[in-house]
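Following: one structure in structure tokens, then a few remarks.
Numbering (this note's numbering), first residue to last: 23 to 185.
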């Protein structure tokens, strides 16, 4: 099973509606000849909302879980192959759902992280008692049980134990 999460969501639809509203207001002010300044301002706001919409709705996937491994663009590291993963737990707390991933050699992956902010977030998660690599799965349309079953079947040690 291939699980893909893209960045688009309810916020992107809301931004598009706002952009359409600003464009309609700009068109109204332009056609009614009420105020050229208002038409210019609403046109600029429509363009700004469309730019924000384009930034929020990236065509590239944010999260991919497939036969090869797990890739989360927010972590800033390469895809983690299933062979490098020791354990994964599915966690849910305060309305947030995520996978806690324990890899065999975390230093290989931590050394790939460029951003100081991401490194601090990893250390913060570790200090809270979670694993260093946490994959946010809040936007997935799967139940926690389905997600756990999909992930458990891919970890090599768990497949060997079931045989």
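Even glycine gets a Cβ: it sits at the ideal position worked out from N, Cα and C.
Cβ-based burial, residue i [other Cβ within 10 Å; buried from 16]
i           : result
residue 131 : buried
residue 109 : exposed
residue 175 : exposed
residue 61  : buried
residue 26  : exposed
residue 173 : buried
residue 184 : Residue confidence is low: residue 184 scores 42 on pLDDT, short of 50, so the model does not pin down where it sits. No coordinate-derived value is stated.
Residue from the options with nearest C-alpha to residue i
i           : options            : result
residue 177 : 136, 126, 135, 166 : 126
residue 88  : 157, 129, 24, 82   : 24
residue 36  : 116, 71, 128, 49   : 71
residue 117 : 165, 73, 26        : 165
residue 112 : 133, 92, 82, 159   : 159
Extent of the continuous alpha helix (DSSP H) to which residue i belongs
i           : result
residue 127 : Looking at the DSSP string, residue 127 is not in any alpha helix (DSSP H), and its letter there is neither H nor E.
residue 172 : 166–174
Within 8 Å, strictly: CB atoms of residue i and residue j
i           : j          : result
residue 100 : residue 84 : no
residue 135 : residue 98 : yes
residue 93  : residue 86 : yes
Limits of the beta strand (DSSP E) - the one that residue i falls within
i           : result
residue 114 : 107–115
residue 94  : 91–94
residue 97  : Premise fails: residue 97 is in no beta strand (DSSP E) and is neither H nor E.
residue 87  : 83–87
*Cβ pair count under 8 Å reaching 3, the segment 35–43 against the segment 89–109*: no
For the segment 112–124 against the segment 163–175, do three or more pairs of beta-carbon atoms, one drawn from each stretch, fall closer than 8 Å, so that the two count as touching? yes
With three or more beta-carbon pairs closer than 8 Å as the criterion, would you say the segment 43–53 touches the segment 66–76? yes
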